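S.K.: The structure's right below; bear with me while I get my questions together.
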Amino acid sequence: MAKKIVIDPLTRIEGHGKITIHVGDDGMVNNAFFHIGQVRGFEKLCEGRPFYEMPSLMARICGICPVSHLMASAKACDALMGVRIPEPGANLRRIMNLAQIIQSHALSFFHLSSPDLLLGMDADPQTRNIFGLMAANPGVARDGIRLRQYGQEIVESLGGKRIHPAWVVPGGVNAPLSVEQRDRILSLIPEGIDVILRTLGWFKRGLEKYREEIRVFGNFPTMFLGMVSASAGLGFYGDGWLRIVDSTGNIVADHVDPRTYQDFLGEAVEPWTYLKFPYYKPLGYPEGIYRVGPLARLNLVNHCGSPLADQEFAEFRTLERGAVLSSFHYHYARLIEILFCLEKMEQLLHHKDILSKHVRAFAAPNNDEGIGVAEAPRGTLIHHYKIDDQGRIIWANLIIATGHNNLAMNRAVLQVARRFVDGNKLQEGMLNRVEAVIRAYDPCLSCSTHAVGQMPLTIDLVGPEGEVLDQLRR
Amino acid sequence: MRIVIVGYGNPLRGDDGVGPEIARRLAAEIDDPEVHILIELQLRPELAELLSRAELAIFIDASSESQPGEVRVEEVHLSEPEQSFTHQFAPPMLLMTAKVLYGRIARTYLVSIGGQNFGLSEGLSEAVKQGIPKAIQAVRQLLERPYHHR
Chain E
1 MAKKIVIDPL TRIEGHGKIT IHVGDDGMVN NAFFHIGQVR GFEKLCEGRP FYEMPSLMAR
61 ICGICPVSHL MASAKACDAL MGVRIPEPGA NLRRIMNLAQ IIQSHALSFF HLSSPDLLLG
121 MDADPQTRNI FGLMAANPGV ARDGIRLRQY GQEIVESLGG KRIHPAWVVP GGVNAPLSVE
181 QRDRILSLIP EGIDVILRTL GWFKRGLEKY REEIRVFGNF PTMFLGMVSA SAGLGFYGDG
241 WLRIVDSTGN IVADHVDPRT YQDFLGEAVE PWTYLKFPYY KPLGYPEGIY RVGPLARLNL
301 VNHCGSPLAD QEFAEFRTLE RGAVLSSFHY HYARLIEILF CLEKMEQLLH HKDILSKHVR
361 AFAAPNNDEG IGVAEAPRGT LIHHYKIDDQ GRIIWANLII ATGHNNLAMN RAVLQVARRF
421 VDGNKLQEGM LNRVEAVIRA YDPCLSCSTH AVGQMPLTID LVGPEGEVLD QLRR
Chain A
1001 MRIVIVGYGN PLRGDDGVGP EIARRLAAEI DDPEVHILIE LQLRPELAEL LSRAELAIFI
1061 DASSESQPGE VRVEEVHLSE PEQSFTHQFA PPMLLMTAKV LYGRIARTYL VSIGGQNFGL
1121 SEGLSEAVKQ GIPKAIQAVR QLLERPYHHR
């Protein structure tokens, strides 16, 4: 008799999600689905609002990566105004974006995923959490807190507040950098670099333990998509171009203007989830599967663009001859990106014009359509707006990073379930691996700040008539 | 810094914004470099490091368990860790984090005010507004009390 295993809710991810695993009569997994059961509606909510409100409104999408939405939204508004913002203003935006990526990556790696990595996938779930991590390895927990503090302090220093800062505006930023701010941020960088190099060290030393997870954690051929800088390095601010590579690392498309995204990206809809499925149009759906985010970015670029990160990047790329395919290595890529962000911030803060007062351009709307693209912590983020002759939003389309990865996350869940889940017997460690593969992508499902952690995790094995055949509760 | 005061809650959730409101009023009244006043949407694990450096910590929060406007003061103790976690902490979990990672913790109190409306809205209900002076008085009494870190 066919059965269905349900994991609801997933824990230690951003938002609310659910996994169902379908088991056939032979006890083998024959399908798996990653469901997002909530709808946010921001694209409709903003209709009728003045375009200049968009960065502040769109930042409310997320409590973890509001700065990414600020960036993409402000860039879409720059395009509506038809302005080229002053370079010091662009550099200040870049610094805030880098700081946010540090704190978001640190949250994902240290707080959400490192309990699995340090305590083991089969560890007792009562201790496989941040408190278990603190007891087992307080140094790692302190490092995670320090890196998060660091990113948060920079965002707060620049934006006036840590969450939903209003400093990034259409045309640039609304205040220049002071000498004191610059020196304070610079003073923190050496410690941040020490922390992340230490973390990379223990992570790489422990990789051998996870050989099996690396083998089956979303380890399959896909394309990779993302923005690269003008020198084909990491370009989080999104002022270079889009590049797409295939699973062998060969470039499929290069120097692509991200404003043409509708020409090559489609969005499919499935009845069992609210999250759409973007795909690469030339290959169709679902064959046009691709991945975005840290792993994708390191598969796309020729180099990172800073000395220490470039050393780590060179080592990372030796993992495989073509693109690095295992989604387990999102963790590894995340750590290298933190290192890059720290070094890049230092470069930008030493720029000769960084203290310039000329940080904002002013204009009324000159175009009725604007597209802004930036690399968020989780991948490429696209904001696309149309306005009426009064500057009011009449249409908006957002493609968020987690959406790009939707096809890949579903395929990864199926792969892990087939390897680790025995449908006749539910075991905590096996099911945790199904969750852990989702955590590797660091999905931001609701972009809200509601606490999943307050909800119990229930896993049901359900028969075709709805009867519960087996159940696990944490 | 010897004392840290944290008013927390979401001002877009009606009476949940009373913690930040009280912290704002205290910040306008207290001019003392030894007192660090923070306004937070929710408690973050990063605050544990601050708690380990302070001698006295006072959290101010709305409560759904008390009567609207009712003010309660209770000392916060270390809690057993909870199994699941995202990025939000409760005061006892913060204390535990500070103790385990940094070796010392502040003497910590929670001043709570009963709320009435936690729906999507801005502004405080009348009963909660009337409780604010009493909550501020409770905070001031804690500040005047002799204390020592643990």
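Residue numbers (the working numbering), protein chains in the order written: chain E, 1 to 474; chain A, 1001 to 1150. Don't be surprised by glycine CBs; every beta carbon is placed ideally from N, CA and C. Only a predicted model underlies this, so the values are computations on that prediction, with no experimental measurement involved.
#1: Find the residues of chain A that neighbour proline 149 of chain E, judging by a C-beta separation of less than 8 Å, and give them in chain order.
#2: Tell me, which residues are paired with phenylalanine 217 of chain E by DSSP?
#3: Just to check my reading of the structure: methionine 1096 of chain A and arginine 1053 of chain A have Cβ atoms closer than 8 Å, yes? What is that Cβ distance to the nearest angstrom?
#4: Could you tell me which chain E residues have their CB closer than 8 Å to the CB of leucine 1094 of chain A, listed as they occur along the chain?
#5: Tell me, please, which residues DSSP counts as bridged to proline 278 of chain E.
#6: Got a sec: is the Cβ-Cβ distance from proline 1020 of chain A to anything in chain E below 8 Å?
#7: Is the region 68-87 of chain E in contact with the region 378-393 of chain E, if contact means three or more CB pairs nearer than 8 Å?
#8: Since glutamate 375 of chain E sits in a beta bridge, which residues does DSSP pair it with?
#9: Span of the alpha helix (DSSP H) holding threonine 402 of chain E?
#10: Counting only the same chain and skipping the five closest in sequence on each side, list residues whose C-beta sits under 7 Å from that of tyrosine 150 of chain E.
#11: Could you tell me the distance, in whole angstroms, from the CA atom of glycine 48 of chain E to the CA atom of tryptophan 395 of chain E?
#12: So glycine 82 of chain E and asparagine 367 of chain E are supposed to be a Cβ contact under 8 Å. How far apart are they, rounded?
#13: Can you pull the chain A neighbours of proline 138 of chain E, defined as C-beta to C-beta under 7 Å?
#14: Examine the ligand ADP and report whether any of its heavy atoms sits within less than 7 Å of the Cβ of aspartate 1031 of chain A.
#15: Mind pulling the chain E residues with CB within less than 7 Å of threonine 1097 of chain A?
#16: Straight-line CA distance for asparagine 397 of chain E to valine 373 of chain E?
#17: So, helix, strand or coil for glycine 139 of chain E, using DSSP?
#18: Answer yes or no: do histidine 1092 of chain A and leucine 1078 of chain A have a C-beta to C-beta separation smaller than 8 Å?
#19: With 16 other CB atoms within 10 Å as the buried threshold, where does arginine 215 of chain E fall?
#20: Could you please tell me which residues of the region 339-354 of chain E, in chain order, have their CB closer than 9 Å to any CB of chain A?
#21: How would you call methionine 121 of chain E, buried or exposed, if buried means at least 16 neighbouring beta carbons within 10 angstroms?
#22: What's the gap between the Cα of isoleucine 400 of chain E and the Cα of isoleucine 1105 of chain A?
#23: Between which two residues does the alpha helix (DSSP H) containing isoleucine 1037 of chain A stretch?
#24: Check this for me: beta carbons of valine 1100 of chain A and proline 138 of chain E, under 8 Å apart or not?
#25: Taking only beta-carbon positions, decide if arginine 439 of chain E is within less than 8 Å of chain A.
#26: Can at least three beta-carbon pairs, one atom from the region 330-347 of chain E and one from the region 91-106 of chain E, be found at a separation below 8 Å?
#27: Indicate the three-state DSSP secondary structure (helix, strand or coil) for arginine 392 of chain E in the structure shown.
#28: Would you mind stating whether phenylalanine 1089 of chain A and proline 1033 of chain A have Cβ atoms separated by less than 8 Å?
#29: Answer with buried or exposed for leucine 143 of chain E, where buried requires no fewer than 16 other C-beta atoms within 10 angstroms of its C-beta.
#30: Using the Cβ count rule (16 or more neighbours within 10 Å means buried), how would you classify glycine 1014 of chain A?
#31: Could you tell me the distance, in whole angstroms, from the CA atom of glycine 201 of chain E to the CA atom of glutamine 126 of chain E?
#32: At a CB distance below 9 Å, what residues from the region 187-208 of chain E approach chain A? Give them in sequence order.
#33: Could you tell me which uninterrupted alpha helix (DSSP H) segments, each at least 4 residues in length, are contained entirely in the region 284-370 of chain E, listed from first to last along the chain?
#34: Ignore the nearest five residues each way along the sequence and tell me which others in leucine 1110 of chain A's own chain have a CB closer than 6 Å to its CB.
#35: Determine which residues share a DSSP beta bridge with threonine 1108 of chain A and list them.
#36: Taking 8 Å as the threshold (beta carbon to beta carbon), is arginine 49 of chain E in contact with chain A?
M.R.: On the basis of the coordinates in this document:
#1: Here the sequence assigns glutamine to residue 149 of chain E, which means proline is not the residue at that position. Chain order gives the chain A residues near glutamine 149 of chain E as Glu1046, Glu1049, where near means a beta carbon separation below 8 Å.
#2: None; phenylalanine 217 of chain E has no bridge partner.
#3: That belief does not hold up - the Cβ atoms of methionine 1096 of chain A and arginine 1053 of chain A are roughly 16 Å apart, past 8 Å.
#4: For leucine 1094 of chain A, no chain E residue has a C-beta closer than 8 Å to its own C-beta; the minimum C-beta separation is roughly 11 Å.
#5: Note: proline 278 of chain E sits in a beta bridge opposite E:Glu267.
#6: Cβ-Cβ to chain E under 8 Å: no for proline 1020 of chain A.
#7: Taking a cut-off of 8 Å on C-beta distances, the region 68-87 of chain E touches the region 378-393 of chain E, as three or more cross pairs fall below it.
#8: Note: glutamate 375 of chain E sits in a beta bridge opposite E:Thr380.
#9: In the DSSP assignment, threonine 402 of chain E falls within the unbroken alpha helix (DSSP H) covering 401-404.
#10: If the five residues before and after tyrosine 150 of chain E are omitted, its C-beta is found closer than 7 Å to the C-beta atoms of Ile102, Leu188, Gly192, all from its own chain and listed in chain order.
#11: Here the C-alpha atom of glycine 48 of chain E lies approximately 9 Å from the C-alpha atom of tryptophan 395 of chain E.
#12: Indeed they touch by this definition, with Cβ atoms about 5 Å apart.
#13: Residues of chain A whose Cβ lies closer than 7 Å to the Cβ of proline 138 of chain E are, in chain order, Val1100, Leu1101.
#14: Among the components modelled here there is no ligand, and therefore nothing to report on the ligand ADP.
#15: Correct list: Met134.
#16: Between asparagine 397 of chain E and valine 373 of chain E, the C-alpha separation is close to 12 Å.
#17: Glycine 139 of chain E: helix per DSSP, three-state reduction.
#18: Checking the sequence shown, residue 1092 of chain A turns out to be proline, not histidine. Between proline 1092 of chain A and leucine 1078 of chain A, the C-beta gap is smaller than 8 Å, which places the two residues in contact.
#19: With fewer than 16 Cβ atoms within 10 Å of its Cβ, arginine 215 of chain E is classed as exposed.
#20: Contact annotation: in the region 339-354 of chain E, no residue has its CB less than 9 Å from a CB in chain A.
#21: The residue in question, methionine 121 of chain E, is buried, as its Cβ has 16 or more Cβ neighbours within 10 Å.
#22: If I take the Cα positions, the gap works out to 41 Å.
#23: For isoleucine 1037 of chain A, there is no enclosing alpha helix (DSSP H); the residue is part of the beta strand (DSSP E) that begins and ends at 1035-1040.
#24: Yes; because the gap between Cβ atoms is below 8 Å, this pair is in contact.
#25: Using a CB distance cut-off of 8 Å, arginine 439 of chain E does not count as an interface residue toward chain A.
#26: Taking a contact to require three or more Cβ pairs closer than 8 Å, the region 330-347 of chain E and the region 91-106 of chain E qualify as touching.
#27: In the structure shown, arginine 392 of chain E sits in a strand (DSSP, three-state: E or B).
#28: Not in contact: phenylalanine 1089 of chain A and proline 1033 of chain A (Cβ atoms no closer than 8 Å).
#29: Looking at the sequence itself, residue 143 of chain E is aspartate, so the reference to leucine does not match. Counting other Cβ atoms within 10 Å of its Cβ, aspartate 143 of chain E reaches 16 or more and is therefore classed as buried.
#30: When all chains shown are included, glycine 1014 of chain A counts as buried.
#31: Each residue's Cα considered, the two are about 27 Å apart.
#32: Under the 9 Å Cβ criterion, the region 187-208 of chain E contributes no residue.
#33: Fully enclosed alpha helix (DSSP H) runs of 4 or longer: 294-300, 307-316, 330-349.
#34: In chain order, Phe1059, Glu1074, Val1076, Pro1091 place their CB closer than 6 Å to the CB of leucine 1110 of chain A, counting only its own chain and leaving out the 5 sequence neighbours on each side.
#35: Paired residues: A:Ala1057.
#36: The Cβ of arginine 49 of chain E sits no closer than 8 Å to any Cβ of chain A.
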